[in-house]
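All letters in the sequence shown, in the order written, are residues 1 to 102 by our numbering. Even glycine gets a Cβ: it sits at the ideal position worked out from N, Cα and C. As the structure is a computational prediction, the values presented were derived from the model and not from experiment.
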Amino acid sequence: MRFFYELLLISPISSLEISHISCTGMGPICNMGAEIGATTSLFPYNKRMYNYLKWADIDPSVKQKYEQMAEKDKARYEKEMTAYKNRAALPVQEEVDDEDDE
Numbered sequence: 001m002r003f004f005y006e007l008l009l010i011s012p013i014s015s016l017e018i019s020h021i022s023c024t025g026m027g028p029i030c031n032m033g034a035e036i037g038a039t040t041s042l043f044p045y046n047k048r049m050y051n052y053l054k055w056a057d058i059d060p061s062v063k064q065k066y067e068q069m070a071e072k073d074k075a076r077y078e079k080e081m082t083a084y085k086n087r088a089a090l091p092v093q094e095e096v097d098d099e100d101d102e
């Protein structure tokens, strides 16, 4: 975590220091800037941003293959997480009658 705070304090941040940070990893760093009082946080446009934006414009037939794999992973993840949940806990969708509220 110290590394990210140091990145925020360096002015200007060199592209070598942030070239390994993913595009989605830059967002939380900008949020940390707001937490310490910055009014604005910016990152220079780099190859990682280009690749991220390029993915957003990918052909739907190609993207569908990856989205299907992501859905399978999501289903597997949800199945594994339910194995560890407290058996007495109610799902979030269910409401519990609270007699003390009346």
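Check: With F43 and M69 assumed to form a contact (beta carbons below 8 Å), what rounded beta-carbon distance in angstroms separates them?; Outcome: Not confirmed; about 29 Å, so no contact.
Check: Shortest alpha-carbon distance to I18 belongs to which of T40, K63, K47 and M81?; Outcome: K47
Check: Just how far apart, CA to CA, sit K72 and K63?; Outcome: 15 Å
Check: Can you tell me whether G33 is buried or exposed, with buried defined as 16 or more other CB within 10 angstroms of its CB?; Outcome: buried
Check: From A83 to W55, what does the alpha carbon distance come to, in whole angstroms?; Outcome: 34 Å
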